[in-house]
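First comes the structure, then the notes that go with it.
There are 2 protein chains.
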Amino acid sequence: MKEPPTEGRLDRQRARQRAIAADVMADGSVRIEALVEKHGISLMTAHRDLDALVARGIVRKTRGVVTALPSSLVEASDLFRRGRQQAEKAALARAACAWIEPGHAVILDDSTTTLNLVPLLTDKAPLTVITNFLPIIEDLSGEPDLTLIALGGRFHPWANSFMGHMTVAAIREVRADIVIMSTSAITDDICFHQTEETVHTKRAMFESAATRLLIVDHTKFDRRALHALAPLTDFDQVIVDWRTPAEHVERLRNKGIGVTVAPAVRGR
Amino acid sequence: MKEPPTEGRLDRQRARQRAIAADVMADGSVRIEALVEKHGISLMTAHRDLDALVARGIVRKTRGVVTALPSSLVEASDLFRRGRQQAEKAALARAACAWIEPGHAVILDDSTTTLNLVPLLTDKAPLTVITNFLPIIEDLSGEPDLTLIALGGRFHPWANSFMGHMTVAAIREVRADIVIMSTSAITDDICFHQTEETVHTKRAMFESAATRLLIVDHTKFDRRALHALAPLTDFDQVIVDWRTPAEHVERLRNKGIGVTVAPAVRGR
DNA sequence: AGTCGATCTCATTAGTAGATGAGAAGATCA
DNA sequence: TGATCTTCTCATCTACTAATGAGATCGACT
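These protein sequence lines are chains C and W, in that order.
For the first sequence, our numbering gives the first residue as 1, with consecutive numbering after it.
For the second sequence, our numbering gives the first residue as 1001, with consecutive numbering after it.
Here you go:
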């Protein structure tokens, strides 16, 4: 028997911050003292929680009271999104992994799905991994079986990755067998991203790889972003999760796009 | 009073691995069982330690016995560089820091001395830091005040850094105000390094910076290495620690080389 | 086939980073 | 200036991570 009821320290903190955010939004504004009593925490902790929320742009602190900010931002915040679709991402990673053969040179972009892919890679050794994503670099620096090629350049803290013209130049120095990338949003069957730098970097990756894999979880079909990267028809295969509406899958297939539906993983 | 005797878990592990490596090198080859007894550890732990050393290319495992590999690489390994002459390195870092001005673009090479420099950098913000050394990259990725430019390329586990032609190409893309580098050995007042890749990479750094600083602790005058980098006269300033024999300092100065002697830091 | 060594797995333990709270010191407002 | 709120500092605690060792299984050499 395991212990699902045991809330981790980290979970508890996040749950509490969520609850506080909810409190604030419910009433529009709340006294900090009230939060202290309601949640049975110290004043200091209340302040720390609130500062975290302020940093995310969810609430505002003003001398003793906390005020809510427009809810759209709140919902967009990763506080409410983080860690979701974990099962989907794992399934996508597993499906993508099937395309990798020992000896390949693989480009991985900066996305949480590719991060999920990393633990699966050791099975495919020897392998060359090329990436601009710092968490992957850190993970793989300890792996003796894999050759790691980091794509340097300017570091972007919000993405935890390296992007920009230096990164693009570095990518042009390599030729990979396969690139596995994800996207922020899909509109009219075209990939979109939040910033131009992202697009430049990913496009270079795209052009340096023989086989192009796109990884998409079903939420991406509902989202929008500013900068176009490429139409889905340019990819050799699009991998979607099992919760993707059938209409999307069918439409893409009718366009001649290779679509893999990653099935839910059971057991484990 | 603090507790310098209390070895952290991590330190203990590293110290033990160092000791094991020393054992192996002393005799050329050692039985694994002997290591188990000598260090009072389990067979499993011995294997794990050895695997770590194998991964760094320091020793070889072959059915029950461990053999040493050529010592040049071993000495270059950060396992041995790390943690020695800590006071000297701190002093050198401090002296080097005096050359850095806010707004500068600074290249740091892969050395433990430059790693010591990192905590001092936040005072100089805004600053652009360019490096191929993974520990520095990891440290600075959390610093919002500094611009971090990573020099990518193939990862070399024994040095914990990126080197090779991709790295060189990346360096050529930038122009820095100052480069702070160290060296493995000094013979005939010329810098030497263990591998050609190191030399190529450092030379590129050298050529991309307006001001060149060389950091040298006193042990480097007693050591030798294979590949020449550049004569000391090519550097704008050579920073040595206070334990460097006066003869060296004088000789360099007579050659017209700018030499700074970093004084011992007291207190702290 | 038999022996010795390597690896795997899993439970236990130790060390650590991070969260928390109490109180002091610092800001800010009226 | 007084009152109220915020930040800082430091000690304490706790939940997690990583190291470790015992035994079982796997593998390879002769």
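Every residue gets a Cβ at the ideal spot worked out from N, C-alpha and C, and that includes glycine.
Buried versus exposed call for residue 1116 of chain W [16 or more other C-beta atoms within 10 Å across all chains shown]: buried
Pairwise C-alpha distance: residue 218 of chain C and residue 1183 of chain W: 53 Å
Kindly confirm or deny that the region 205–224 of chain C and the region 89–106 of chain C touch, where touching means at least three C-beta pairs closer than 8 Å. The answer is yes - the region 89–106 of chain C touches the region 205–224 of chain C, with three or more Cβ pairs under 8 Å.
In this structure, how does DSSP classify residue 214 of chain C when only helix, strand and coil are distinguished? Note: residue 214 of chain C maps to strand in three-state DSSP.
Do residue 1121 of chain W and residue 1148 of chain W have their beta-carbon atoms positioned less than 8 Å apart in this structure? Residue 1121 of chain W is positioned such that its CB atom lies no closer than 8 Å to that of residue 1148 of chain W.
With burial defined as no fewer than 16 other Cβ atoms inside 10 Å of the residue's Cβ, what is the status of residue 1022 of chain W: buried or exposed? exposed
Collapsed DSSP secondary structure at residue 1255 of chain W in the structure displayed: coil
Of the residues C/262, C/256, C/100 and C/180, which one's Cα is nearest the Cα of residue 203 of chain C? C/180
Please list, in chain order, the chain C residues whose beta carbon lies closer than 8 Å to that of residue 1300 of chain W. The requested residue 1300 of chain W does not occur in the structure, where chain W is confined to residues 1001 to 1268.
So the beta strand (DSSP E) residue 1223 of chain W belongs to, where does it begin and stop? Premise fails: residue 1223 of chain W is in no beta strand (DSSP E) and is neither H nor E.
Determine, using beta carbons only, whether residue 57 of chain C comes closer than 8 Å to chain W. no
Check each candidate in W/1226, W/1258 and W/1252 and name the one with the smallest Cα separation from residue 1236 of chain W. W/1258
Can a CB atom of chain W be found closer than 8 Å to the CB of residue 144 of chain C? yes
So what does DSSP say about residue 236 of chain C, is it helix, strand or coil? coil
For the region 1105–1181 of chain W, which segments carrying the beta strand (DSSP E) assignment without a break, of at least 3 residues, lie completely within its bounds, in sequence order? 1105–1108, 1127–1131, 1146–1150, 1153–1156 and 1161–1163
Would you kindly check if the distance between the Cβ of residue 232 of chain C and the Cβ of residue 189 of chain C is under 8 Å? yes
Taking only three categories from DSSP, how would you classify residue 1018 of chain W? helix
I'd like the list of long-range same chain contacts for residue 1137 of chain W, defined as Cβ closer than 8 Å, with 5 residues on each side in sequence excluded. 1131, 1148 and 1150
How is the beta strand (DSSP E) around residue 1190 of chain W delimited, first residue to last? Membership of residue 1190 of chain W in the beta strand (DSSP E) is indicated by the continuous run 1190–1193.
Buried or exposed: which applies to residue 75 of chain C, given that a residue is buried once 16 or more other Cβ atoms fall within 10 Å of its Cβ? The predicted position of residue 75 of chain C is uncertain, since its pLDDT is 48 and thus under 50; no value can be drawn from it.
In whole angstroms, what separates the C-alpha of residue 118 of chain C from that of residue 1140 of chain W? 23 Å
Just to make sure I have the definition right: I need the residues of chain W whose C-beta is within less than 9 Å of the C-beta of residue 134 of chain C. Which are they? 1137, 1138, 1141 and 1150
Per-residue DSSP class, three states only, for residue 58 of chain C: coil
Tell me, which residues are paired with residue 68 of chain C by DSSP? C/59
Buried or exposed for residue 1044 of chain W, going by 16 or more other Cβ atoms inside 10 Å? exposed
Just grab the DSSP bridge partners of residue 1186 of chain W for me. W/1191
Can you tell me the Cα-Cα spacing of residue 57 of chain C and residue 100 of chain C, whole angstroms? 40 Å
As assigned by DSSP and simplified to three states, the class of residue 246 of chain C: helix
Own chain, CB closer than 8 Å to residue 1111 of chain W, minus 5 neighbours either side, in chain order: Sequence-distant Cβ neighbours of residue 1111 of chain W in its own chain, meaning closer than 8 Å and more than five residues away, are 1081, 1133, 1181, 1182 and 1215.
What three-state label does DSSP hand residue 1087 of chain W in the structure shown? Helix, per DSSP.
Is there at least one Cβ from chain C nearer than 8 Å to residue 1221 of chain W's Cβ? No, residue 1221 of chain W does not count as interfacial toward chain C.
Looking at the secondary structure, which residues open and close the beta strand (DSSP E) in which residue 1029 of chain W lies? 1029–1031
Do you know offhand how far residue 175 of chain C's Cα is from residue 209 of chain C's? 6 Å
Could you list which residues in chain W have their beta carbon closer than 9 Å to that of residue 103 of chain C, in chain order? Here the premise fails: no neighbours, minimum Cβ distance about 16 Å.
Between residue 1153 of chain W and chain C, is the shortest Cβ-Cβ distance under 8 Å, so that the two count as touching? yes
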